[in-house]
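Going letter by letter, the sequence shown gives residues 264 to 423 in the numbering used here.
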Amino acid sequence: MELSAEDRDGIERSSFAQEAPWNSVPEDRVGVKSLKEFLGKLIYEQIRNDIPQLQSEIEAHIQKIDASLREIGNPSTSTLEQNLFVPEVEVKAREITDEAFHSRYENEIFTECENLKLRQHARASNKKLSEAFIKYRNNRAFSSVLNSRNNEDGDGGEYN
Numbered sequence: 264m265e266l267s268a269e270d271r272d273g274i275e276r277s278s279f280a281q282e283a284p285w286n287s288v289p290e291d292r293v294g295v296k297s298l299k300e301f302l303g304k305l306i307y308e309q310i311r312n313d314i315p316q317l318q319s320e321i322e323a324h325i326q327k328i329d330a331s332l333r334e335i336g337n338p339s340t341s342t343l344e345q346n347l348f349v350p351e352v353e354v355k356a357r358e359i360t361d362e363a364f365h366s367r368y369e370n371e372i373f374t375e376c377e378n379l380k381l382r383q384h385a386r387a388s389n390k391k392l393s394e395a396f397i398k399y400r401n402n403r404a405f406s407s408v409l410n411s412r413n414n415e416d417g418d419g420g421e422y423n
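And the structure:
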């Protein structure tokens with residue numbers, strides 16, 4: 264049996280008015296209707312307080328995008344401009360690659376993207392490889408003595 268909203272509110276009011284500790288709570292703070300109003304006001308205040316920070320974050324992001332667009336330059340409208348743009352990008356990419364290869368990380372791109380620091384990653388990988396060799400090294404002894412076997416296949420012998 265489903266109750267109507269009015270019946271439910273009536274049962275709530277009588278229950279909250281009679282049972283402790285709810286009977287000590289102000290009437291305007293009890294029930295579904297009061298809860299909806301309270302939560303609505305709470306959400307409104309939260310949004311109102313967060314909007315200035317959100318606006319400043321959006322403005323900072325817009326400034327970053329504008330700076331990127333200025334860095335890219337004006338759109339290339341002619342084939343000649345497009346053909347000149349490609350070598351410029353190639354030169355910049357080569358410079359960044361050379362800087363990464365020679366561990367010169369002054370370019371801003373290296374602070375924005377740590378993955379481009381090649382030597383740093385090579386050292387870390389080399390360290391992991393060394394640790395793996397130590398941990399999983401060969402547990403068998405090697406010998407420099409060659410046991411020759413007369414093998415029909417012409418193979419040599421085995422080292423012991």
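Yeah, the Cβ is synthetic: ideal placement off N, Cα and C, and Gly gets one too.
Item                                                                                                                  : Value
Buried or exposed (CB count within 10 angstroms, at least 16 for buried), S267                                        : exposed
Cβ-Cβ distance between F301 and E290 below 9 Å                                                                        : no
CB contact flag (E353, E362, <9 Å)                                                                                    : no
G303, buried or exposed, once every other Cβ within 10 Å from all chains shown has been counted against 16            : exposed
Neighbourhood of G294 by C-beta distance below 8 Å, restricted to the same chain and skipping five residues each side : D272, E275, R276, F279
Coil, strand or helix - P350 by DSSP                                                                                  : helix
Between the CA atoms of I328 and T374 - distance to the nearest angstrom                                              : 17 Å
Range of the contiguous alpha helix (DSSP H) that encloses A323                                                       : 295 to 335
Nearest-angstrom Cα separation, counted from L392 out to R464                                                         : Residue coverage of the chain in this structure runs from 264 to 423, which leaves residue 464 outside it and unanswerable.
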